[in-house]
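Working notes, structure below.
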Amino acid sequence: MTNAPEDRDLVRAFLGRGDEAAFRVLFRRHTPAMFLLASRLLGGADRGAEDAVQEAWSRAARRLSVFRAESTLRTWLCGIVVRCCREMLRRRRPETELDLEMAAGGGPEGEEAFELERVLARLPDGFREIVVLHDLEGYTHREIGVRLGIRPGSSKSRLSRARAALRESLGIRR
Amino acid sequence: MEDEIGSGSDGGKGPWEALPREGPYPESLEERTVSRLRAEGRFGPRRSALSVWAAAAALAAAFGAGWIAARRGTAPDDRTARFVLLLYEGRDFDGGPPGNRVGEYRHWAAALRRSGVAVSGEKLAPEIRALPPASLPAGEERLAGFFIVGARDIGSAEAIARECPHLRHGGWIVVRPVVGT
């Protein structure tokens, strides 16, 4: 039985020899998390998620040499995905408060996980980002503030309102 | 505290525990990404500072000799071959207003150039003169334009072609290697 190569060895092979096979191992290892994160941040838009992930890998390949391993490679890569998605969302039409009300509409249907994904995708961009980063990815409000360029307090209040909309959509009473 | 925000009647992060943290991605994404990185020169032996200077000197010499005459696009580097993407339209082609389509294709080509892929191309007018005249194709399809792209191999060129907006309009693309003469 052979052990899977460590990320750091694969990164070294890619940086040192331009090893395509090493890159492909890294790609297959981390893209499932990166793609799902991008898809959620972009509201379930697979096509946009593909573009975001491809852009993230391109940026990562340029900057891997300065990766300090203070976090895991996956965390670092997901941080790049967040930035790429953020840039894509900025180019979208600004959403209004009405969208949040609309997101709360509609009754629950289907299995729990599927339903959660569905209502999450319906949240306005600025609210969905907070829920994904805080509740799914484990970012603190301080970290979210740095990533999204907002105050930690704004992150907290948006999360609170997003959760209220989600609760209503899922038919959960306070 | 950070977690206080999550302490509600929903039990904090409870509902999210049901959601996966990883998911499937389209199979083509790996090849597309690898092709892009290949075009950006991320694979293969890294050039030493000396070889970079040597390459720069060779490039300057080539430029001085007038070997680089690319009117449009970026000249492919020595590790890429050239491929022509032949853009065909049939009866079902739905391109919308021609001006919009040209802009769309131009945007796609510009994005490719930004990512390091050498690309040039032209749109063809409908007017045709064939010699001898009987050699005109009998079908309704017509060659509407072409792109020439730099890519490592035909698979990479195909991955580039797959992203061309022409396919979204119902057209089709034939990828052929260019043989340097």
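Line order of the protein sequences matches chains A and B. In this text, residue positions in the first sequence follow the working numbering: the first is 213, and each later residue adds one. In this text, residue positions in the second sequence follow the working numbering: the first is 154, and each later residue adds one. Think of the CB as a built atom: it goes at the ideal place given N, C-alpha and C, for glycine as much as any other residue. In this text, all values refer to a predicted model and were calculated from it rather than measured experimentally.
Buried/exposed call for residue i, threshold 16 Cβ in 10 Å
i              : result
S251 (chain A) : buried
E218 (chain A) : exposed
E280 (chain B) : exposed
R254 (chain B) : buried
D221 (chain A) : exposed
G323 (chain B) : exposed
A278 (chain B) : exposed
E309 (chain A) : Unreliable positioning characterises E309 (chain A) in this predicted model, as indicated by a pLDDT of 40, which lies under 50. The coordinate reading is nonetheless provided below. Result: exposed.
R303 (chain A) : exposed
G256 (chain B) : exposed
V358 (chain A) : exposed
A264 (chain B) : exposed
P336 (chain A) : buried
F216 (chain B) : Bear in mind that a pLDDT of 39 at F216 (chain B), under 50, signals an unreliable position, so the model cannot answer this.
D245 (chain B) : exposed
D247 (chain B) : exposed
G230 (chain A) : buried
G197 (chain B) : exposed
G255 (chain A) : buried
V278 (chain A) : exposed
First and last residue of the uninterrupted alpha helix (DSSP H) at residue i
i              : result
S283 (chain A) : No alpha helix (DSSP H) contains S283 (chain A), which DSSP labels as neither H nor E.
R359 (chain A) : 353-360
F300 (chain B) : Segment 295-304 is the beta strand (DSSP E) holding F300 (chain B); no alpha helix (DSSP H) there.
E184 (chain B) : 181-192
S367 (chain A) : 364-382
L248 (chain A) : 232-253
I342 (chain A) : 337-343
H319 (chain B) : 318-321
S268 (chain B) : Premise fails: S268 (chain B) is in no alpha helix (DSSP H) and is neither H nor E.
I307 (chain B) : 307-315
R227 (chain A) : Before going on, a small fix: residue 227 (chain A) reads as Leu here, not Arg. From DSSP, the alpha helix (DSSP H) with L227 (chain A) extends over 219-229.
9 angstroms Cβ cutoff, residue i in contact with chain B
i              : result
L248 (chain A) : yes
V265 (chain A) : yes
S283 (chain A) : no
T308 (chain A) : With a pLDDT of only 40 at T308 (chain A), under 50, the local geometry of the prediction cannot be trusted, and no value is derived from it.
A377 (chain A) : no
S366 (chain A) : no
F226 (chain A) : yes
Chain-ordered neighbours of residue i on chain B, where CB pairs are closer than 7 angstroms
i              : result
A245 (chain A) : R174, E175
E262 (chain A) : P179, L182
8 angstroms Cβ cut-off: residues of chain B touching residue i
i              : result
L328 (chain A) : P168, W169, A171, L172
S270 (chain A) : T186, R189, L190, E193, S268
A273 (chain A) : L190, E193, R195
Chain-ordered neighbours of residue i on chain A, where CB pairs are closer than 8 angstroms
i              : result
V187 (chain B) : E232, F235, R236, F239
Beta-carbon separation (whole angstroms), residue i vs residue j, contact threshold 8 angstroms
i              : j              : result
E329 (chain A) : L172 (chain B) : 7 angstroms
A271 (chain B) : S188 (chain B) : The pair is not a contact, with the Cβ atoms about 13 angstroms apart (cut-off 8 angstroms).
A262 (chain B) : G274 (chain B) : 6 angstroms
C317 (chain B) : I307 (chain B) : Contact doesn't hold; Cβ gap of about 15 angstroms is too wide.
R174 (chain B) : A245 (chain A) : 6 angstroms
G194 (chain B) : G269 (chain B) : 7 angstroms
A374 (chain A) : V331 (chain A) : Incorrect: roughly 10 angstroms between the Cβ atoms, too far for contact.
Contacts that residue i makes with chain A (C-beta to C-beta distance below 9 angstroms)
i              : result
P318 (chain B) : What P318 (chain B) touches in chain A: nothing, since even the nearest Cβ is about 13 angstroms away.
Contact with chain A by residue i, beta-carbon distance below 9 angstroms
i              : result
Y241 (chain B) : no
P179 (chain B) : yes
E183 (chain B) : yes
Beta strand (DSSP E) segment containing residue i, residue limits
i              : result
L240 (chain B) : 234-242
A275 (chain B) : A small correction: the amino acid at residue 275 (chain B) is Glu; Ala does not occupy that position in the sequence shown. First-last of the beta strand (DSSP E) with E275 (chain B): 272-276.
V332 (chain B) : From DSSP, V332 (chain B) is part of no beta strand (DSSP E); its letter is neither H nor E.
Within chain B, partners of residue i - CB distance below 9 angstroms
i              : result
E380 (chain A) : Those within 9 angstroms of E380 (chain A) in chain B number zero; the least Cβ separation is about 11 angstroms.
Test: residue i CB closer than 9 angstroms to a CB of chain D
i              : result
E341 (chain A) : Protein chains in the displayed structure are A and B, and chain D is not among them.
The ligand SAM heavy atom lying under 8 angstroms from the CB of residue i
i              : result
G298 (chain B) : With respect to the ligand SAM, the structure shown offers nothing to examine, as it has no ligands at all.
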